[in-house]
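Trainee: First the structure, which I've put down as structure tokens, then a few questions once you've had a look.
Here it is as structure tokens:
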């Protein structure tokens, strides 16, 4: 069984990941999308209410359009609540992780693994959200991997942000209601 908890320590923080693996153009694209993400007051309040530390392992690629359009969202979540600790891993640098996190038999990104504070896997999610897949289906199965050159429209970005927030909330609720963690924390 793969030890995601042990692997987590090898990951990079958001800025370090972009600095290490991204070109100037990659960093520009990520920054542009990052600037477009706007969490509502309700979303910020929900994220701020998370009580359990949540480690999030994110397999990504700075070159990947799907990552450009989603990973900056995660950074916003982590900025709102320091209990969300995200570490990024370059898909091409970590073949063991890439093999473990295949989606439908392929090396897709981004893929996240939610972990408890002590490194137990809580769940995984990726590579695109339901809103994004609905849009692709409506567009009759557009490009397999957008380039990130053309950012998503604001409505789709908001829907994808909410899809991801739902997954982060789900993982947080699993952690918050865990009998093991409730006993550990006396709550």
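In my numbering, the protein residues as written are 120 to 306. From the three backbone atoms N, C-alpha and C, an ideal C-beta is built for every residue, glycine too.
(1) Are the CB atoms of residue 188 and residue 271 nearer to each other than 8 Å?
(2) Would you report the Cα separation of residue 306 and residue 290, rounded to the nearest angstrom?
(3) Exposed or buried, which one is residue 292 when buried takes at least 16 other CB atoms within 10 Å?
(4) In the DSSP output, which residue or residues are listed as bridge partners for residue 225?
(5) Compute the beta-carbon to beta-carbon distance between residue 204 and residue 161, rounded to the nearest angstrom, for a pair I have assumed lies under 8 Å.
(6) Assess, as a yes-or-no matter, whether the region 141-148 is touched by the region 231-242 under the definition of 3 or more beta carbon pairs within less than 8 Å.
(7) In the DSSP assignment, the beta strand (DSSP E) including residue 175 goes from what residue to what residue?
(8) In the DSSP assignment, the alpha helix (DSSP H) including residue 124 goes from what residue to what residue?
(9) Would you mind stating whether residue 170 and residue 295 have Cβ atoms separated by less than 8 Å?
(10) With distances taken between CB atoms, is the gap from residue 228 to residue 179 smaller than 8 Å?
(11) With DSSP as the reference, label residue 132 as helix, strand or coil.
Mentor: According to the structure shown:
(1) In the chain shown, residue 188 corresponds to position 69, counting from 1. In the chain shown, residue 271 corresponds to position 152, counting from 1. Yes, the pair counts as a contact, with Cβ atoms nearer than the cut-off.
(2) On the chain shown, position 187 is the one that residue 306 refers to. On the chain shown, position 171 is the one that residue 290 refers to. If I take the Cα positions, the gap works out to 18 Å.
(3) By one-based count along the chain shown, residue 292 stands at place 173. By the 10 Å Cβ count, residue 292 comes out exposed.
(4) On the chain shown, position 106 is the one that residue 225 refers to. Partner residues in the beta bridge of residue 225, as assigned by DSSP, are 222.
(5) Taking the first residue of the chain shown as position 1, residue 204 is located at position 85. Taking the first residue of the chain shown as position 1, residue 161 is located at position 42. The pair is not a contact, with the Cβ atoms about 23 Å apart (cut-off 8 Å).
(6) no
(7) Locating residue 175 in the chain shown gives position 56, counting from the first residue. 173-179 is the extent of the beta strand (DSSP E) around residue 175.
(8) Along the chain shown, one-based indexing puts residue 124 at 5. Unbroken alpha helix (DSSP H) run through residue 124: 123-127.
(9) For the purposes of this step, residue 170 is identified with residue 51 of the chain shown, where counting begins at 1. For the purposes of this step, residue 295 is identified with residue 176 of the chain shown, where counting begins at 1. Cβ atoms of residue 170 and residue 295: closer than 8 Å.
(10) By 1-based counting over the chain shown, the position of residue 228 is 109. By 1-based counting over the chain shown, the position of residue 179 is 60. Yes. Within cutoff.
(11) On the chain shown, residue 132 is found 13 positions in, with the first residue counted as 1. In the structure shown, residue 132 sits in coil (DSSP, three-state: anything other than H, G, I, E or B).
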